[in-house]
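For the sequence shown, position 12 matches number 12 in the UniProt record's numbering, and the numbering has no gaps at all.
Take a look at the structure set out below.
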Amino acid sequence: MSHKPPSSDTTGLELDWGGRSRRQPEPTASAALEPLSEVEVPSGAGKGLPGDPKHMSTEMRLALQGMMETPALRMRQFREGMEIIFGAQTRNRYEVCDDTGRVALYVEEEARGFGAMLRRTFSPFYKARMECMTLGGVVALVVERPWSLFLTKADVLAWDGRLMARIEQRFTLFGRRLDIVTPGGAVIATVKGPALRPWTFRIFQNDVEIAAIRKRWAGFFQESFTAADNFSLDFQAPCTDFRLRQLVLAVAVLVDLLYFEDNSPSSALGPGLDLLDTLMFWKK
Numbered sequence: 001m002s003h004k005p006p007s008s009d010t011t012g013l014e015l016d017w018g019g020r021s022r023r024q025p026e027p028t029a030s031a032a033l034e035p036l037s038e039v040e041v042p043s044g045a046g047k048g049l050p051g052d053p054k055h056m057s058t059e060m061r062l063a064l065q066g067m068m069e070t071p072a073l074r075m076r077q078f079r080e081g082m083e084i085i086f087g088a089q090t091r092n093r094y095e096v097c098d099d100t101g102r103v104a105l106y107v108e109e110e111a112r113g114f115g116a117m118l119r120r121t122f123s124p125f126y127k128a129r130m131e132c133m134t135l136g137g138v139v140a141l142v143v144e145r146p147w148s149l150f151l152t153k154a155d156v157l158a159w160d161g162r163l164m165a166r167i168e169q170r171f172t173l174f175g176r177r178l179d180i181v182t183p184g185g186a187v188i189a190t191v192k193g194p195a196l197r198p199w200t201f202r203i204f205q206n207d208v209e210i211a212a213i214r215k216r217w218a219g220f221f222q223e224s225f226t227a228a229d230n231f232s233l234d235f236q237a238p239c240t241d242f243r244l245r246q247l248v249l250a251v252a253v254l255v256d257l258l259y260f261e262d263n264s265p266s267s268a269l270g271p272g273l274d275l276l277d278t279l280m281f282w283k284k
């Protein structure tokens with residue numbers, strides 16, 4: 001006895017298979033273009049060293065590729081109407097661009113609302129959590145600064161929430177100094193702000209300069225009535241480690257919170273300080 005299925009069922013199977021055959025080339029070609037890591041491991045959270053791009057998702061690596069390779073970054077702070085009209089300290093927000101002007105990251109303070117604005121305006125010891133996000137809204141880096149009475153410390157968290165490093169303010173009689181240290185306390189790099197260059201912060205690793213952060217004058221109106229600061233981050237040739245570049249960005253965010261967050265009338269001296277900083281370029 002023959003068990004051959006009815007011809008109608010066979011036709012149905014053939015048509016169904018044929019439909020899948022016609023759709024097959026498109027996903028096959030697409031999968032061949034995707035990195036293996038994207039197919040097998042979409043997220044490497046908790047793997048490797050904190051902040052290592054090898055364990056980031058492909059989406060995040062592509063979003064941060066410009067930051068990994070650019071010789072310079074520009075960080076511009078946004079200002080809001082309440083800050084311009086009333087002088088109130090609204091939440092900090094920045095735009096980070098590469099040397100071509102393309103936006104690489106947005107940096108935003110997590111605390112929102114009227115209560116948070118009051119704490120920023122009237123309390124010198126408010127704590128801040130700054131989130132560095134891709135254009136898609138994915139958190140790539142976090143800088144957490146708890147309130148402090150004397151010397152500031154800040155934690156730098158990688159995209160997966162692990163502690164990457166700490167930035168610790170050091171006491172100096174002249175100038176300014178910060179140390180970037182591992183979670184265990186070993187010094188990774190040192191940030192020096194020369195006394196005669198009030199808007200410049202140079203970052204050294206093993207006595208070799210790897211990057212420089214410099215505040216740019218934003219204009220009389222912005223400097224006098226808002227806290228809208230502009231910064232340039234210039235990477236030297238030795239600074240190729242992307243984890244180190246992330247720490248340089250974290251230092252820039254902390255430098256603004258620590259040294260330039262005051263809306264005092266002295267900010268009107270901005271052009272003079274900028275000129276002094278430029279004229280003293282030869283100072284170490």
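Even for Gly, the Cβ is constructed at its ideal location relative to N, Cα and C.
Residue i, buried or exposed, once every other Cβ within 10 Å from all chains shown has been counted against 16
| i | result |
| --- | --- |
| Phe235 | buried |
| Phe171 | exposed |
| Trp147 | exposed |
| Arg102 | exposed |
| Lys47 | exposed |
| Ala237 | exposed |
| Val187 | exposed |
| Leu196 | exposed |
| Gly193 | buried |
| Ile180 | buried |
| Lys215 | buried |
| Phe86 | Low confidence applies to Phe86: its pLDDT is 44, below 50, so where it sits in the model is not reliable, and the reading given next is rough at best. The residue is exposed, with fewer than 16 neighbouring Cβ atoms inside 10 Å. |
| Cys239 | buried |
| Lys283 | Its pLDDT being 49, under 50, Lys283 is placed unreliably in this model, and the value from its coordinates should be taken loosely. Exposed, by the Cβ-count rule. |
Short Cβ contact (9 Å threshold) for residue i with residue j
| i | j | result |
| --- | --- | --- |
| Leu157 | Val251 | no |
| Cys97 | Leu249 | no |
| Phe201 | Asp229 | no |
| Ala128 | Thr134 | no |
Presumed contact (8 Å Cβ cut-off) between residue i and residue j, rounded CB distance
| i | j | result |
| --- | --- | --- |
| Gln205 | Ala189 | 4 Å |
| Val142 | Ala154 | That pair is no contact at about 10 Å. |
| residue 291 | Arg93 | Coverage of the chain is limited to positions 1 through 284, which leaves residue 291 absent and any answer about it impossible. |
CA-to-CA distance, residue j to residue i, given in whole angstroms
| i | j | result |
| --- | --- | --- |
| Glu95 | Leu173 | 33 Å |
| Ile167 | Glu109 | 18 Å |
| Ser232 | Met56 | 26 Å |
| Thr70 | Gln246 | 12 Å |
| Met67 | Leu254 | 18 Å |
| Arg243 | Pro198 | 27 Å |
| Asp256 | Met75 | 10 Å |
| Ile210 | Leu149 | 31 Å |
| Ala63 | Leu105 | 8 Å |
| Leu258 | Leu151 | 10 Å |
| Glu26 | Glu59 | Because Glu26 sits at a pLDDT of 46, beneath the cut-off of 50, its placement in the model cannot be relied upon, and the following sentence gives the value as read from the coordinates. Computed Cα separation, rounded: 21 Å. |
| Lys213 | Ile203 | Here residue 213 turns out to be Ile, not Lys, going by the sequence shown. Distance between the alpha carbons of Ile213 and Ile203 is about 8 Å. |
| Met164 | Trp217 | 31 Å |
| Asp207 | Asp241 | 17 Å |
| Val138 | Gly175 | 36 Å |
| Thr182 | Asp99 | 29 Å |
| Phe78 | Gly185 | 34 Å |
| Phe145 | Met130 | The question names Phe, yet the displayed sequence has Arg at residue 145. Approximately 8 Å between the Cα atoms of the pair. |
| Gly136 | Gly44 | 19 Å |
| Leu73 | Arg61 | 17 Å |
| Val191 | Gln65 | 25 Å |
is_contact[residue i, chain D] using C-beta, thresh 9 Å
| i | result |
| --- | --- |
| Arg93 | No chain D is part of this structure, which consists of one protein chain only. |
*So does the stretch 42-53 actually touch the stretch 143-160, counting three or more Cβ pairs closer than 8 Å?*
Here the stretch 42-53 makes contact with the stretch 143-160; the two share three or more CB pairs at distances below 8 Å.
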